[in-house]
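Numbered per my numbering, the sequence shown finishes at 565, counting up by one with no gaps.
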Amino acid sequence: NHQNLYMKSHPNRENPKPQIPQQEAFFLELAFLMGEVSRFLKRIEKHGLVHYKYYMIAPLGLLLLGIALLFCETSKGAPLFITDPWLDAVQPTCQTDDYDALYENTSPKLEDVKAKIWFNNLTMVSEERIANVQEAAFNVISQRVPGDFVETGVWKGGCSMLMRAVSRALNNTHCRASWLFDTFEGLPAMTAEDRRVELNLEEAGSLRAMDPEHSYSYEGGLEFVNRTMGEVLQSVGEDYKNLFLVKGLFKDTVHKARIRKIAVLRLDGDMYSSTMEVLEALYDKVSPGGYVIIDDYGHWPQCKKAIHDFFDVQRGMDVGQLLVQVDYTGYFFIKP
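Take a look at the structure:
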């Protein structure tokens, strides 16, 4: 069932109502359609196939329908016509010559977003890792690295909100999608491989037990992130296009989303299985020059083992030569 895995984000009703892009075009198209229907009915009325009054009622009905649809759009902030959630969301990378000036002009708004993220406890990452996320988002946009922003393991969504804010500040949200994958119900149960890593660590005398199932769950889950996204990003004029929250286990979701390319892939699944599942499904979609950010590399041995099993063992590359340390746990590398 798509609906329990996917949700197109929108603000709550208390937020400022976003305006529909190209409203004038919407009404022009509606007026044209009304005219065409009226002319068609008038022609067939000459042959006695329809009473004359209907070629006035039908266009009026179309007008009322259009107004109703417009009201729904502006009052809810959600898109009217939601496409299949697994269709491609990527648009061609935009061309802008002066990202530095845009970034400088919008820096106060980005600082406001970060302040809201900290004040509302929407992330558990350090200031260094937050800065790394912001830098990654800016660099891939300014260097025109094609692809989406993807985060696997979002908790309350703070890091994705910041990447989205940078994209919005640089007028880039219509060029690349933001994907947020999570159970939104806390950690899943450990797999056999996670237990095996934990057992080996225990035998070596360096046990760091994994957090239990449902750790990091919180009241509201998906609906909380969906609502808070609008509240936090309103200062940068969020337009809610190409923004996807995908609920479910990674093994059931990440390989289904038709993401063509990825500019920033942020891994924050803690566990061996969660990390490996994402890499196997998504790493090949990361564009050259794109960022791979690993939040738990230095904290969870299970995550670290998955990184080296995937890159060193399966791919035959020495990922250790590429990794850059951000703080005690956060690492990243730029795909060659």
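Glycine included, each C-beta is placed from N, C-alpha and C at the ideal position.
Give me whichever residues DSSP pairs with residue i in a beta bridge.
{"i": "residue 408", "result": "379, 473"}
{"i": "residue 494", "result": "379, 521"}
{"i": "residue 363", "result": "Per DSSP, none; premise fails for residue 363."}
{"i": "residue 515", "result": "491"}
Return yes when the Cβ of residue j is within less than 7 angstroms of the Cβ of residue i, no when it is not.
{"i": "residue 219", "j": "residue 339", "result": "Here the chain comprises residues numbered 230 to 565, so residue 219 is not present and cannot be evaluated."}
{"i": "residue 376", "j": "residue 346", "result": "no"}
{"i": "residue 558", "j": "residue 537", "result": "no"}
{"i": "residue 407", "j": "residue 367", "result": "no"}
{"i": "residue 416", "j": "residue 389", "result": "no"}
{"i": "residue 531", "j": "residue 423", "result": "yes"}
{"i": "residue 526", "j": "residue 493", "result": "no"}
{"i": "residue 562", "j": "residue 552", "result": "yes"}
{"i": "residue 535", "j": "residue 501", "result": "yes"}
{"i": "residue 516", "j": "residue 374", "result": "yes"}
{"i": "residue 470", "j": "residue 403", "result": "yes"}
{"i": "residue 363", "j": "residue 331", "result": "no"}
{"i": "residue 413", "j": "residue 482", "result": "no"}
{"i": "residue 473", "j": "residue 503", "result": "no"}
{"i": "residue 420", "j": "residue 498", "result": "no"}
{"i": "residue 351", "j": "residue 385", "result": "yes"}
{"i": "residue 333", "j": "residue 556", "result": "no"}
{"i": "residue 355", "j": "residue 328", "result": "no"}
{"i": "residue 544", "j": "residue 522", "result": "no"}
{"i": "residue 418", "j": "residue 452", "result": "no"}
My output table needs one value for residue i: the three-state DSSP class, helix, strand or coil.
{"i": "residue 560", "result": "strand"}
{"i": "residue 547", "result": "coil"}
{"i": "residue 553", "result": "strand"}
{"i": "residue 312", "result": "Residue placement at residue 312 is poorly supported in this model, since its pLDDT is 31, which falls under 50; the coordinates still yield a value, given next. Note: residue 312 maps to coil in three-state DSSP."}
{"i": "residue 385", "result": "coil"}
{"i": "residue 349", "result": "coil"}
{"i": "residue 301", "result": "Only weak support exists for where residue 301 lies, its pLDDT of 49 falling under 50; the value from the coordinates is given anyway. In the structure shown, residue 301 sits in a helix (DSSP, three-state: H, G or I)."}
{"i": "residue 393", "result": "helix"}
{"i": "residue 420", "result": "coil"}
{"i": "residue 334", "result": "helix"}
{"i": "residue 466", "result": "coil"}
{"i": "residue 451", "result": "helix"}
{"i": "residue 509", "result": "helix"}
{"i": "residue 371", "result": "helix"}
{"i": "residue 414", "result": "coil"}
{"i": "residue 528", "result": "coil"}
{"i": "residue 565", "result": "coil"}
{"i": "residue 341", "result": "helix"}
{"i": "residue 445", "result": "coil"}
{"i": "residue 480", "result": "helix"}
{"i": "residue 502", "result": "helix"}
{"i": "residue 438", "result": "coil"}
{"i": "residue 533", "result": "helix"}
Could you tell me if residue i is buried or exposed, where buried requires 16 or more neighbouring beta carbons within 10 angstroms of its beta carbon?
{"i": "residue 361", "result": "buried"}
{"i": "residue 489", "result": "exposed"}
{"i": "residue 393", "result": "buried"}
{"i": "residue 353", "result": "exposed"}
{"i": "residue 506", "result": "buried"}
{"i": "residue 301", "result": "Any reading at residue 301 must be qualified, since the residue scores a pLDDT of 49, below 50, and its modelled position is unreliable; the value itself is stated next. Residue 301 is exposed by the Cβ-count criterion."}
{"i": "residue 401", "result": "buried"}
{"i": "residue 447", "result": "exposed"}
{"i": "residue 475", "result": "buried"}
{"i": "residue 546", "result": "exposed"}
{"i": "residue 464", "result": "buried"}
{"i": "residue 449", "result": "exposed"}
{"i": "residue 549", "result": "exposed"}
{"i": "residue 396", "result": "buried"}
{"i": "residue 405", "result": "buried"}
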